[in-house]
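Numbering-wise (the UniProt record's numbering), the sequence shown opens with residue 1 and increments by one.
Glycine included, each C-beta is placed from N, C-alpha and C at the ideal position.
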Amino acid sequence: MVSLDPTASARKLQDDLTQVLTEFRKRHTIDASRDRQDKYREYLAVWDQREGWTNGGYDDPQKLLKDVAKQLRKRVSTIQYHYKSAFQLITGYEYTPELYSRFFGITQLCGLFKAPDKVALRRPLKSGSPVPVPESTLGPQDHSNSILDTIRSLQPDSELLERLDELIALFESEKTNAEIAEHYRNEGLDPPNVELARERLPELKALTSFI
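Put into structure tokens, the structure is as follows:
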């Protein structure tokens with residue numbers, strides 16, 4: 001709690017708040033960082049371009065960051081920073097390939113096929129009714145890793161994992177994109193999407209090993 005004297009000058013209030021903030025950061029070992037709210041739109045614009053977000057959905061194929069940089073006429077290093085900053089804005093965590101796979105990998109893979117995967121179909125469409133909480137659970141608890149712990153506890157669908165393993169095996173064989181597309185003809189996986197998935201083979205492997 002910080003008390004302010006409404007009769008004090010603006011200069012005095014600013015000096016006092018600066019001192020309080022400095023002491024608070026020092027006591028809690030918090031590094032001072034510049035909040036770039038004015039850049040949030042730029043960060044999210046890069047995210048949308050990279051992830052193919054248009055018209056309220058992920059409708060377009062993902063783009064390479066170098067292609068996004070070319071389109072937006074910015075350096076690749078700048079686009080990389082903006083993309084990682086957007087990831088942190090959206091998830092609350094610093095970007096890593098493992099976290100990206102955990103948060104977004106399944107949804108991206110489900111988009112390769114015509115019908116939604118069982119994992120996507122199990123997502124709730126509306127919030128559930130509040131459930132009474134026992135008093136024993138209302139005490140102070142450490143929730144510092146609650147989101148990650150919850151995500152790690154999810155059991156992946158065995159059928160989905162088998163599908164991913166099969167797709168990876170097909171890529172590592174000598175089969176062409178057309179042959180793989182023919183293999184999945186009943187699931188709507190056409191050659192362009194096969195090519196897209198082949199380009200992201202390292203991510204597919206990382207996803208299956210991580211989950």
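key: Candidates R25, E23, L72 and F24: closest to W47 by CA position   = L72
request  = Drop a sphere of 10 angstroms on the beta-carbon of E195, count the other beta-carbons inside from all chains shown, and report buried for 16 or more, exposed for fewer.
outcome  = exposed
key: Distance between A10 and Q49 (C-alpha atoms, nearest Å)   = 43 Å
task = Identify whether T96 lies in helix, strand or coil by the three-state DSSP scheme.
result = coil
Assigned exposure category for S85 - 16 Cβ within 10 Å defines buried = buried
message = Can you give me the C-alpha to C-alpha distance between P202 and Y81, rounded to a whole angstrom?
response = 22 Å
query = In whole angstroms, what is the alpha-carbon distance linking V68 and A197?
reply = 19 Å
key: N- and C-terminal bounds of the alpha helix (DSSP H) containing R11   = A10 to R27
query = What is the rounded straight-line gap between the Cα of I180 and the Cα of L170?
reply = 7 Å
query = Where does the unbroken alpha helix (DSSP H) through F87 begin, and where does it stop?
reply = V76 to T91
request  = Quick one: using the 10 Å Cβ neighbour count with 16 as the cut-off for buried, is L167 buried or exposed?
outcome  = buried
query = Distance, Cα to Cα, Y184 vs D190?
reply = 8 Å
ask   = Short check: CB of K70 to CB of G52, under 9 Å?
value = no
ask   = Near T91, which residues of its chain fall below 8 Å by C-beta distance, leaving aside the five closest residues on each side in sequence?
value = L99 and F103
ask   = From which residue to which residue does the alpha helix (DSSP H) around L196 run?
value = P191 to E199
key: Residues near M1 by beta carbon distance below 6 Å, same chain, minus five either side   = none
request  = Return the CA-CA distance between S3 and V20, expressed in angstroms with no decimal places.
outcome  = 11 Å
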